[in-house]
Amino acid sequence: EWKLEDLKRLDVNQADIAPLMASLIGVPFPLNSVGTLPLEYLNNSAHFKAESLFTNAVQILEQFKVKMSQKKETTLSFLFTPFKPLSDAEQINFLKKTRLYIQQQKYDEAVSLCKTLINLALEGLSYYHTYDRLFLGLSIAMSFVGWTTYVILVIIKTHTDLTKTVQMNNKESTVLFYSFAFLGLIVAFFLLIQACPWTYYIYCLLPVPIWYAVVRELPVFQDLAANLLSLHISQSIGFLLVCTLGIEILVFSFFYRSALTIGLLVFAGWPVMTQLWVQAKTTALIWSLLCVLLAVFPLMPVVGREPNIPLVIATGLLTLLISCFSLPSLCKRENKYRNNEDLKVHFYQMLSIALSTYVVSSTHDSLKNKQGLPVLNQIISWMTLASSSVLPLLSPTFLFQRLFSILLSLMSTYLLLSTGYEALFPLVLSGLMFVWINMEQEALQHYGLSLKPKLAVFNFTYAIDITQFRQLHLDDVRRSFFFVFFIVTAFFGTGNIASVNSFDPASVYCFLTVFSPFMMGGLLVLKVVIPFVLVSCAFEAVQVTTQLSSKSLFLIVLVISDIMALHFFFLVKDYGSWLDIGTSISHYVLVMSLTIFMMLMNGLAQLLTTKRLELLRRTKHHS
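Here's what the structure looks like:
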């Protein structure tokens, strides 16, 4: 369109701007600049270009020399490995040759030689800058592996029947303690004589106490090895392969959302692979269908690209329809468990969904007609948001009634924050969560771990009885993995890291239209958190119905997130665009904080499922 086909596009690196400006205004190159002078931008003589680039090369070479001398001073002489392609003799040779070429007016050869010298000097700078990276990386990796091993040992020791509790004798324990203390002193002395920064002490000394704690549990290892050898080796290898593949899919999903689709399609086939479908054909079929339906979302474009308000309205009407279908089952139980107040809460939640649907429709129509956000709509939106956290606490604590109440309350807020297909996401996710709770009951019965409780009359309030907790089984690893997978799906199902950093302001138009970054950011975080809350509440239900302590399952989740964190530690970038660098750090921080975040979500889920607010009710006086 611009008729520029005859011109060659020439991009410039950000670092190259400094030497270019210095050359144009005729001042020395900045001392710490790592940019290469882009000669194509200069309209000057070949001699000037050659001299300028030669000065640029000398300036970068000086930085290389300073970096090398600094590293040489703080490294023991027998451990120091210099950058071989640019030895002292090579440096002198490069400078002499270039100067000779300029004197002989062979400017092209001089420029070519300068570019080679600059590239080598930059490589050398990077080499000395990252000189300790391998050493520090190995220390951190050892800490990760040691910590993960220790958590696995704690799980095996306290939550399974695989080992007998055998302690080391006092003599062995003392020898072990002094061995590790001596090792720690050697590491500290080694760092001290090299004048290393204080952070190095943390990285290098951390593996010592962690591995001491691991080696102390050597009898547990021996017991475990004996138990594993009694099993079929093919079974153990198969289990490890499945675990590895599962974690790899989770890691890939951070880069390619479509990896979640592959995972969900595998989940859809889970009942067939484990023969669960034989005893629960209908539940297994619904599970597979919902898995396939949820697998579509990661394939959709990132949220916010194309608003689709009719789809949001259709989702609101669908939610209303589902809540109407659930009414007869609530009315049946009227005499047994319910009273009028409980039905009033349900009707109020239905009204809230209807109002949210209306507000989304009328707000976007009003904005389209350039009439602004109606005040009434704004009031309804904020009232819906305020009531959504209180209403579930007014409903009965029976399993499905409380979970359905949480869904309706959160759904009314989510509708107000939706602009397209993402409105359907919590609905499909919740459907899958309800079926998951039922599937876990079938799995318990299938493996003969406990009797199948009646979920219809299961009450969250009476479920937390510590004496009822059972020991961990191999299938509980799969339960924890499902939870981590669904949490990651809740985050990446409708977007990615980049879409969170740059969201569409249209999603908060029902609440405010004036730019307010903190308010908008808060509403966006709420929108991201809602699917997490739904998954966490379902996991809470799975925990109590399968009689497992949350501590044991969270330790397994900790192992999974630590293995993922180790992956992302090696994937952190310090080169490329700022987006690439920022995204790689975001991934690492996100996975590292996953366990803490899940604990917070678990606490919130416990509050939402077990607590009940009693309104002022008329007490019956018996004569």
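Note that the numbering used here numbers the sequence shown so that position 247 is 309, with each residue one more than the last. For every residue, glycine included, the Cβ atom is placed at its ideal position computed from N, Cα and C. Treat the numbers as computed from the prediction; the structure is a model and nothing was measured.
Measuring straight from C-alpha to C-alpha, what distance separates residue i and residue j?
i: Phe659; j: Tyr637; result: 29 Å
i: Ile371; j: Thr481; result: 6 Å
i: Phe252; j: Tyr262; result: 11 Å
i: Val96; j: Ile122; result: 6 Å
i: Thr98; j: Ser201; result: 35 Å
i: Phe632; j: Asp624; result: 13 Å
i: Cys353; j: Gly300; result: 24 Å
i: Ala448; j: Phe553; result: 23 Å
i: Gly644; j: Glu63; result: 34 Å
i: Leu610; j: Arg532; result: 6 Å
i: Pro436; j: Ile468; result: 28 Å
i: Tyr169; j: Ala108; result: 6 Å
i: Leu585; j: Phe317; result: 25 Å
i: Ala485; j: Thr551; result: 15 Å
i: Tyr240; j: Lys233; result: 11 Å
i: Leu72; j: Thr192; result: 30 Å
i: Phe140; j: Gly199; result: 21 Å
i: Lys129; j: Tyr190; result: 7 Å
i: Leu656; j: Phe616; result: 11 Å
i: Leu429; j: Pro579; result: 20 Å
i: Leu461; j: Ile264; result: 47 Å
i: Pro390; j: Val621; result: 44 Å
Give the secondary structure of residue i by DSSP, where H, G and I count as helix, E and B as strand, and everything else as coil.
i: Asn521; result: strand
i: Phe594; result: helix
i: Phe145; result: coil
i: Phe577; result: coil
i: Phe317; result: coil
i: Phe91; result: coil
i: Ser428; result: helix
Who are the Cβ neighbours of residue i in its own chain at under 7 Å, not counting the five residues just before and after it?
i: Tyr212; result: Ile272, Ala275, Val276
i: Met654; result: Ala627
i: Val313; result: Met626, His629
i: Asp537; result: Ala505, Tyr509
i: Leu175; result: Phe156, Lys159, Thr160, Tyr163
i: Asn439; result: Val421, Ser424, Thr425, Cys572
i: Ile375; result: Thr419, Val422, Ser423
i: Ser85; result: Leu99, Leu104, Ser114
i: Leu379; result: Thr419
Between residue i and residue j, is the Cβ-Cβ spacing less than 7 Å?
i: Phe487; j: Thr575; result: no
i: Phe543; j: Gly308; result: yes
i: Val490; j: Leu356; result: yes
i: Ser418; j: Ser474; result: yes
i: Ser457; j: Arg464; result: yes
i: Ser569; j: His221; result: no
i: Ala80; j: Phe126; result: no
i: Ala119; j: Ala172; result: no
i: Gly186; j: Leu148; result: yes
i: Thr671; j: Phe496; result: no
i: Tyr483; j: Met362; result: yes
i: Glu502; j: Thr608; result: yes
i: Leu115; j: Pro100; result: no
i: Val606; j: Val546; result: no
i: Lys134; j: Phe145; result: no
i: Thr323; j: Pro369; result: no
Taking 8 Å as the limit between beta carbons, can you name the residues of its chain near residue i, skipping five residues before and five after?
i: Val339; result: For clarity, residue 339 is Trp in the given sequence; the question names Val instead. Excluding residues within five positions, the ones whose Cβ falls inside 8 Å are Pro333, Ala346, Leu347.
i: Ala667; result: Val595, Ser598, Cys599, Phe601, Glu602
i: Lys398; result: Only weak support exists for where Lys398 lies, its pLDDT of 49 falling under 50; the coordinates are left without a value.
i: Leu215; result: Val276, Glu279, Val282, Phe283
i: Phe110; result: Leu104
i: Leu291; result: none
i: Pro269; result: Ser201, Met204, Ser205, Gly208
Can you give me the Cβ contacts of residue i inside the same chain, cut-off strictly under 6 Å, excluding the 5 residues immediately before and after it?
i: Ala77; result: Val96, Gly97
i: Thr381; result: Ile415, Met473
i: Gly493; result: Leu352
i: Lys673; result: Leu455
i: Leu534; result: His221, Thr222, Ser614
i: Thr459; result: Asn521, Phe522, Thr523, Arg674
i: Ser235; result: none
Which runs of the alpha helix (DSSP H) fall wholly inside the region 183-266 and span at least 4 residues, in chain order? 195-221, 232-255
Within the region 106-177, ranges of the alpha helix (DSSP H) (whole runs, at least 4 residues): 108-135, 150-165
Give, in chain order, every unbroken run of the alpha helix (DSSP H) that is at least 4 residues long and sits entirely within the region 599-664. 612-633, 640-654
Can you list, in chain order, the stretches of the alpha helix (DSSP H) that have 4 or more residues and sit fully within the region 347-382? none
Continuous alpha helix (DSSP H) assignments of at least 4 residues falling wholly in the region 466-520: 486-508
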